[in-house]
Structure formats: C-alpha cells, structure tokens
Amino acid sequence: MSKLLVFGHQNPDTDAIASSYGWAYLEREAFGRDAESVALGTPNEETAFALNYFGVTAPRVVESAKAEGVAQVILTDHNEFQQSISDIKEVEVVAVVDHHRVANFETANPLYMRLEPVGSASSIVYRAFKENGLTPPKEVAGLLLSGLISDTLLLKSPTTHASDPQVARELAELAGVNLEEYGLAMLKAGTNLASKTADELIDIDAKTFELNGNAVRVAQVNTVDIAEVLERQAEIEAAIEAASKENDYSDFVLMITDIVNSNSEILALGRNMDKVEAAFNFKLENNHAFLAGAVSRKKQVVPQLTESFGN
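Under the UniProt record's numbering, the sequence shown has 258 at position 258, and the numbering climbs by one with no breaks.
Here is the structure:
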C-alpha cells in the first residue's frame, strides 16, 4: 500500500489532532503501513498546550492530498466531506475512525469504518491499541487523553460514554499525569480568548453542517467568563456576517461555553433565526440567549438544529 495521510477535520481541535496522531502510530506499528498524521489547520491553544506538554511536534498542515502525491487517506474525528480536506472526493478514503453522525459521505470502494457513540475519537483509538496488543507510549497516551478530556470537558459533558472514565484513568496512568490537575490546566489553556481577533475567535472550533439545503456554521469557544466574550459582541457579529457572506452560510450559531459552570450562551445570526429559536425553545434577544446545561455541540446543539431545520 502506498503512503497514507491520516487527519482529523478542518479547524482541528485536540481530539482531531490526537486521534489522527494515535491512529497513524497504530497504522505503522501494528499494521506496518506508511502512515503520516497531518492537520487541516493550525492547532489551537488548548491543543498546543497538550503537544508541548508531551513533547510532540505539531503535525504539518496540508491543504490538498493530491498535492502531497497521496491517493489514499484515513479520516479521524469526522466523516462529513465538507469538514474534510479540500480534494476529499478525488482521493480514496480507506478508513474512518469517528464518533459523530454520518452525513454527506460515500465511497466508491469498501473501507474500514469504525464509528462508536463514545466521548471522543481518541477513546476509539486507544481501544484499538489494546485490541492489537499494543501499549501507546507516554506521548501518544498523553495526546489521546487530551483528546478525550477536550471533547468531554473533563468527563462532564453529556457526550461522555460509560466507558470513557476508565479509558481516561488508564491513559492518565500511561501518560504519567493526574487526570483532574492536567485536565483542568489543559482546558484553561484553551480559554485565553483576549488575544484572538474576532475572525480567529469564531473559527477556533467551527464546523459546517448541511441542514435541509442550508449551510449552517456552528462554532464553539470555551471560556470561564461568558460576559467577557459578550463584551466583544459587535466585532464578533461583524466577523460572523463577513464569514457568512464569503462562504454563503445561511446561518451562523456560536456557542460560548462556560467550562466551569457547564452552561452556554448562544449567539446566532442568519436567515433562519426562527428555526434556531425553535430548536432550543428560547427567544433571542439582541441576537443571543442563554442555554442552561449545554456544553456539547454534538449532542445538545446540532441534533436540535437538524430537527428544527428539517421541519
């Protein structure tokens, strides 16, 4: 088999980077394949913290598989083509390792597809290590732990699967860290938003979803102070409007998530605000509304939007 590129989604978060790094390692060590972990964007501050902590060089950023001379790729932490590499339809997807819904996805050939409703793609990668009789080295275990912590907000998100706490404990031991102490430090590293421009802020962790013919952009930022983020509402809205115009998003939904109190404020702009309001049974005032207990885009925002836009 020729060289494989392994990557997570665009605007990579910690789980996208960690799961691709771990799976590429597994491909080389367990299956003897020439696999390289790459990224579809620069790691955010939370991910940079994890990479630096465990002494791992950030995967290089690529924009085209064909430009790399690669014909086969492996996707982790995503499967929807609009979230993937620019020329995804021109290469062969030979494997997918993911924990999200399946949408806008088709292949010409059979493939290895592993989809599990767990807290992170990193959780799946770790179990694959164990199934193949391998123990991830400290730095790989540390990154996989980081991916799990990030996607479950230190096991507090409703996306946390019953198996995830045990996975976290095992990975923390392999990585040589205290789960709570390391997890909180890593999450806080990702809440430094003051240095971000509004354009950067709305693109830190953002994905586009095709909902009944509408391109809906759903972004999320983590903070310890929602009010501090809302102080920048005017410039954030200007950035959202510019991004929507440039990319033809019908709607833009920004989750501002308080990682300490596990709540979010929803800031939304677009052509279908009635559907956004119906999705969450709230009324937007000055383009935003409070969503108690919401911390997960995957479970508490996207399914609700999907249902509302489908009606």
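In this text, a Cβ means the ideal position worked out from N, Cα and C, and glycines have one as well.
Quick caveat, the model's predicted, so the values are computed rather than measured.
### Message
By DSSP's criteria, V6 is part of a beta bridge. Which residues make up the other side?
### Response
S37, I74
### Query
Who pairs with R60 in a beta bridge, going by DSSP?
Note: R60 sits in no beta bridge, so no partner.
### Query
Is A243 helix, strand or coil when you go by DSSP?
helix
### Where E265 sits in the DSSP three-state scheme
strand
### Query
Does the region 87-107 come close enough to the region 279-295 to have 3 or more Cβ pairs within less than 8 Å?
no
#### Entry: Closest residue to R271 among D251, E285, K299, N132 (Cα-Cα distance)
D251
### T76 versus L153, S262, T14, residue with shortest Cα-Cα distance
T14
### Query
Taking 6 Å as the cut-off, is the CB of D251 close to at least one heavy atom of the ligand MG?
This structure does not include the ligand MG; it has no bound ligands of any sort.
### Query
Any contact of the region 102-116 with the region 41-61, i.e. 3+ C-beta pairs under 8 Å?
no
### Message
Let's see if you can read the secondary structure: which residues bound the beta strand (DSSP E) around Y112?
### Response
112-115
### Residue closest to T208, alpha-carbon to alpha-carbon, out of G176, H9, I124, R60
H9
### Message
Rounding to the nearest angstrom, what Cα-Cα distance links N261 and D205 in this structure?
### Response
20 Å
### Query
Are the Cβ atoms of F7 and S19 separated by less than 7 Å?
no
### Query
Alpha carbon to alpha carbon, how far is A30 from V276?
46 Å
### Task
Classify G190 as buried or exposed, calling it buried when 16 or more other Cβ atoms lie within 10 Å of its own Cβ.
buried
### Query
Which runs of the beta strand (DSSP E) fall wholly inside the UniProt domain "DHHA2" (183-309) and span at least 3 residues, in chain order?
206-211, 214-223, 251-258, 263-270, 288-291
### Query
What are the start and end residues of each continuous alpha helix (DSSP H) run of 4 or more residues lying completely inside the region 83-135, in chain order?
121-131
### Query
Between the Cα of G147 and the Cα atoms of D258, N104, E285, V167, which residue gives the shortest distance?
V167
### Task
Ignore the nearest five residues each way along the sequence and tell me which others in R297's own chain have a CB closer than 7 Å to its CB.
V218, Q220, M255
### Task
Select from F49, S308, A194, N311 the residue whose C-alpha is nearest the C-alpha of L145.
F49
### Message
So, at 6 Å on beta carbons, what are the nonlocal neighbours of Y25 in its own chain, with the 5 sequence-adjacent residues on each side left out?
### Response
V140
#### Entry: Span separating the alpha-carbon of S308 from that of A185
37 Å
### Message
Would V61 pass as an interface residue toward chain D - the criterion being a Cβ-Cβ separation below 7 Å?
### Response
Looking at the structure shown, chain D is missing, and only one protein chain is on hand.
### Message
Tell me which residues share the same chain as D151 and place their Cβ nearer than 6 Å to its Cβ, disregarding the 5 neighbours each side in the sequence.
### Response
D15, G119, S120
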